[in-house]
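Residue numbers (full-length UniProt numbering), protein chains in the order written: chain A, 1 to 252; chain B, 1 to 318.
Laid out in structure tokens, this is it:
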């Protein structure tokens, strides 16, 4: 139990008659790269939205590092170490890449409130920002505005912003959607490295089964708000219920 | 190179302003003071509008609070202008904190309408509390006491003396706003304008930063109102009227929302245009409207924004 980072207890959410989460119970262990999969409308995005504070659940509890965060606002969850990236690149369009990364860095270093010091002259912040830009391969474009980036680069930046918040647990919503093979390799390599380091525990929502099965140590299958499969990729592949509702359609 | 140019321009501007203070007629002094006071109002306002992306229609309330603050302070407490100005700023900031607390829960049109509603409430309070504010007559005949700093006593009774106090606060405001724009706080505000969801997911409480921007801009409005009162020596409730709230909006739009110097350039154009047009016609609003239309349609990013882009393009060609 010591190794558990996030626990979900009896989590439910319904939009009118549409049940997107029904008595969900699971826990995520530190350092175990987990994927959440499921057919369209299975409740994957809603689950992430609830866990990160975007939507309140109807009932249930979310425990993060032993602390009940069910009612905590988004920004406090992020400061506690729970962050996410978005399906659609969600960046600061008119700000430079440096500034894009600097905002979460300032938040982490608790410098965001200072209003008389210069950001550009803060060596510590610059070093940290450059480190992250280098990690996602965008260091050379640090002065370019984010709106001028290609779609794939914007996705890389998006992941960079999420990493800059120094999360313990990071949800990536379709991290490789719309990327070219080079960018995809880079981002997957980053995820593997960081995960192996043990700094960040990743939870990935993906449609691409190659990514899911090559990367994950654990796969959770959602279907209509229920968990219908949970285990190693092999176990999930072998699960008859999963094959029936989901894998049978896409993976042969 | 680029930043050197900026310092040269600022130094030149300050030199010109000092020159005006020593050598100009009273009329030019008066116009220059009006421009500087409007600049302080608009620069502070633009922290909220251009930087944070929140359009407020209620900032005249804070301007008026600053003005009434000085007037009441010098009538009942102390005539020291610096004490009065501090009281004015503090009162405006405090009012901004209360009003902002409710307004920052919303954005865009809802935010704008809320600020408008609060602004009108402040206006009618000032109109109706006759015993304190003098009702529709306002407060008039406020004298400028001397600025006494220990041994030193500086008289500001004459406009040519008061001018340098205005210039001092104008320069101080420029410095402060510039520092805010370079600071982490300023960057966070820009982040909120660009993408408030992402800012929240960067671990920052967006509402609190919006409120902080609201209070800071309210404090600058209070400073402008305080100086405006000392300049005119009277204030009426119309200082809080919503039509007065439009001034910093127009000024920021004309000069350039996303620029530091936009509100200053906008203020110069605004005050001079008005002065110029009013000599020929009483319907200055009509002609001003036409000119404003031309500036907004013709200069994308305001006068400063479009000029900078032009200079960049030209320097690339050559």
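Glycine residues also receive a C-beta, built at the ideal position from the N, C-alpha and C atoms.
Kindly indicate if chain B contains any beta-carbon less than 8 angstroms away from that of residue i.
i                      : result
residue 154 of chain A : no
residue 104 of chain A : yes
residue 151 of chain A : no
residue 161 of chain A : yes
residue 90 of chain A  : yes
residue 111 of chain A : yes
residue 99 of chain A  : yes
residue 14 of chain A  : no
Grouping DSSP H, G and I as helix and E and B as strand, with all else coil, what is residue i?
i                      : result
residue 60 of chain A  : strand
residue 10 of chain B  : helix
residue 154 of chain B : strand
residue 234 of chain B : strand
residue 37 of chain A  : strand
residue 7 of chain A   : strand
residue 300 of chain B : coil
residue 207 of chain B : helix
residue 145 of chain A : strand
residue 21 of chain A  : strand
residue 196 of chain A : helix
residue 244 of chain B : helix
residue 43 of chain A  : coil
residue 113 of chain A : coil
residue 235 of chain A : helix
residue 149 of chain B : strand
residue 202 of chain A : strand
residue 122 of chain B : helix
residue 256 of chain B : coil
residue 89 of chain A  : coil
Name the chain B residues that come within less than 9 angstroms of residue i, Cβ to Cβ?
i                      : result
residue 114 of chain A : 183, 184 and 185
If we call anything under 8 angstroms between Cβ atoms a contact, is residue i one with residue j?
i                      : j                      : result
residue 36 of chain A  : residue 200 of chain B : no
residue 251 of chain B : residue 116 of chain B : no
residue 84 of chain B  : residue 73 of chain B  : yes
residue 223 of chain B : residue 35 of chain B  : no
residue 112 of chain A : residue 293 of chain B : no
residue 221 of chain B : residue 62 of chain B  : yes
residue 52 of chain A  : residue 84 of chain A  : yes
residue 222 of chain A : residue 187 of chain A : no
residue 106 of chain A : residue 176 of chain B : no
residue 201 of chain A : residue 11 of chain A  : no
residue 138 of chain A : residue 153 of chain A : yes
residue 215 of chain B : residue 192 of chain B : no
residue 288 of chain B : residue 303 of chain B : no
Beta-carbon of residue i versus every beta-carbon of chain A: anything under 8 angstroms?
i                      : result
residue 8 of chain B   : no
residue 198 of chain B : yes
residue 188 of chain B : yes
residue 130 of chain B : no
residue 105 of chain B : no
residue 218 of chain B : no
residue 84 of chain B  : no
residue 362 of chain B : Since the first residue shown for chain B is 1 and the last is 318, residue 362 of chain B is missing from the structure and cannot be characterised.
residue 1 of chain B   : Annotation note: pLDDT 45 at residue 1 of chain B (below 50); position unreliable, coordinate value reported separately. Chain A contact via Cβ: absent.
Using the beta-carbon of each residue, which ones in chain A are nearer than 7 angstroms to residue i?
i                      : result
residue 201 of chain B : 74, 78, 83 and 84
residue 204 of chain B : 75, 107 and 112
Going along chain A in order, which residues have a C-beta closer than 9 angstroms to the C-beta of residue i?
i                      : result
residue 4 of chain B   : The contacting residues do not exist; residue 4 of chain B stays about 16 angstroms from chain A at best.
residue 179 of chain B : 115, 116, 117 and 118
residue 145 of chain B : Residues of chain A passing the Cβ test: none, with the nearest at roughly 31 angstroms.
Listing by chain order, which chain A residues have their CB less than 8 angstroms from the CB of residue i?
i                      : result
residue 195 of chain B : 90, 91, 92 and 93
residue 141 of chain B : In chain order: nothing, as chain A lies at least about 38 angstroms away.
residue 135 of chain B : The contacting residues do not exist; residue 135 of chain B stays about 39 angstroms from chain A at best.
List the residues of chain B that residue i touches, going by C-beta distances under 7 angstroms, in chain order.
i                      : result
residue 144 of chain A : Residues of chain B passing the Cβ test: none, with the nearest at roughly 15 angstroms.
residue 119 of chain A : 182, 183, 184 and 187
Run down chain B in chain order and give the residues with a C-beta less than 8 angstroms from the C-beta of residue i.
i                      : result
residue 165 of chain A : 201, 202 and 203
Do residue i and the ligand NAP come close, with the Cβ less than 7 angstroms from some heavy atom?
i                     : result
residue 73 of chain B : This structure simply doesn't include the ligand NAP, nor any ligand for that matter.
Exercise. Closer than 8 angstroms, Cβ to Cβ, to anything on chain B: give me those residues from the stretch 29 to 54 of chain A, in chain order.
Key: 52
Quiz item: Relative to chain A, which residues along the stretch 37 to 58 of chain B have a C-beta separation below 9 angstroms, given in chain order?
Solution: none
Quiz item: Which residues, taken in chain order from the stretch 223 to 255 of chain B, show a beta carbon closer than 9 angstroms to some beta carbon of chain A?
Solution: none
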